[in-house]
Amino acid sequence: MRDFKKFEVWQLSHQLTLTIYKSTKTFPKEELFGLTSQIRRSFASIGYNISEGSGRNSDKEFANFINIALGSSNEAENQLILAKDLDYLTEIDYNNLLEELTILKKKLVSLWNRLNGN
191 MRDFKKFEVW
201 QLSHQLTLTI
211 YKSTKTFPKE
221 ELFGLTSQIR
231 RSFASIGYNI
241 SEGSGRNSDK
251 EFANFINIAL
261 GSSNEAENQL
271 ILAKDLDYLT
281 EIDYNNLLEE
291 LTILKKKLVS
301 LWNRLNGN
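Residues in the sequence shown are numbered from 191 upward in steps of one, following my numbering.
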């Protein structure tokens with residue numbers, strides 16, 4: 191069994207999730223059950239899928255969960271754009287979050303490729 195906490199992609203996703211929780215504290219109260227909740231869930235989902243996949247029996251199964259994590263990262267990126275366009279995030283905060291998310295996405299693709307023997 192793999193220890194998900196040792197994977198750099200999980201560590202990055204966990205730190206990014208903590209950051210998004212802090213960043214969304216200033217979102218409007220009327221967004222608590224809307225964008226605030228949704229963006230937090232999509233970022234958290236990345237780490238959830240990495241951890242769940244790491245407990246699977248085969249690289250193929252693990253790769254499937256990494257693929258799902260990539261889908262969640264695309265959802266998270268879309269929500270970052272929306273938050274920026276609604277002026278809930280500053281341009282600087284948006285760019286920093288996007289940069290971290292892009293690094294994570296590249297590392298997820300790299301892990302997916304390794305798990306699939308590419």
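Note that beta-carbon positions come from the ideal geometry of N, C-alpha and C, so glycine has one too.
Sequence-distant residues of the same chain with beta carbon closer than 6 angstroms to residue i, five excluded per side
i	result
Glu290	Leu206
Leu305	Asp249, Phe252 and Ala253
Leu225	none
Lys295	Ser263
Rounded distance between the beta-carbons of residue j and residue i, thought under 8 angstroms
i	j	result
His204	Gly245	About 16 angstroms separates the two Cβ atoms, so there is no contact after all.
Thr214	Arg230	6 angstroms
Status (buried if at least 16 other CB within 10 Å, exposed otherwise) for residue i
i	result
Phe223	exposed
Ser241	buried
Leu276	exposed
Asn303	exposed
Leu202	buried
Ile210	buried
Asn285	exposed
Residue j beta carbon less than 7 angstroms from that of residue i
i	j	result
Leu301	Ile256	yes
Leu287	Leu260	no
Ala273	Phe233	no
For residue i, the first and last residue of its enclosing alpha helix (DSSP H)
i	result
Gly237	Ser227 to Ser244
Asp275	Asp249 to Asp275
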